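Under the numbering used here, the residues of the sequence shown are numbered 11 to 160, in order. A quick write-up on the structure given underneath.
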Amino acid sequence: MKWRVYLSGEIHTDWREQIAQGCAERNLPITLLGPVTDHAASDAAGDGLVATDGGFWRDQQSARVNQIRTRTLIEKSDLVVVRFGEQYRQWNAAFDAGLCAALGKPYITLHDESLVHPLKEVDAAAQAWAQTPQQVVQLLAYTCSSACAD
């Protein structure tokens with residue numbers, strides 16, 4: 011069985027690449043999915059629709075277009091990893107975690123210990139909390155070793 015794992019959240023560091031490399035090194039049967047990580051492209055996702063003067067309505071159009079991808083891929087995933095970084099508040103990541111909880115989709119949070127208190131509700135609904143991409147790879151390897159034996 012090949013698992014589909016959606017990597018949600020922070021786009022400013024290489025955590026996705028670290029997880030991809032760790033999965034490849036362990037030859038895990040995993041397909042990694044994720045959002046558009048090009049910030050400018052994501053912000054412009056709805057620009058081909060109704061012309062706006064920018065600001066609120068441009069953000070609304072693009073957010074809705076981006077949700078087509080995000081929701082579809084989360085629904086098709088077996089597991090979601092939600093990364094919260096230090097530098098920016100990732101409201102979209104918190105929304106994705108809430109979507110996972112509402113759908114009954116298992117998820118792992120990935121964040122530094124300094125965010126334990128502000129993310130206590132998000133972590134409480136998660137199946138695991140990791141502090142490094144390497145810990146995520148360990149969790150994936152363990153999960154696949156027992157669940158992917160079919």
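Ideal Cβ positions, reconstructed from N, Cα and C, are used throughout, including at glycine. Remember, it's a predicted structure, so these values are computed and weren't measured experimentally.
In the displayed model, R14 falls within a strand according to three-state DSSP.
Nearest Cα to L109 within the set P143, V92, D122 and K130: V92. If you draw a straight line from the Cα of L125 to the Cα of A103, it is about 13 Å long.
Note on geometry: alpha-carbon atoms of R26 and P143 lie some 8 Å from one another. Proximity to I84 across K115, T47, Q100 and Q31 peaks at K115, based on C-alpha coordinates. Take the alpha-carbon of K12 and the one of Y98: they are about 33 Å apart. In this structure, DSSP gives I29 a helical state, which the three-state scheme calls helix. V91 has L17 and I118 as its beta-bridge partners, per DSSP. Note on geometry: alpha-carbon atoms of E123 and A136 lie some 15 Å from one another. By the C-beta criterion, the stretch 48 to 67 is judged not to be in contact with the stretch 23 to 37, since fewer than 3 inter-stretch pairs fall below 8 Å.
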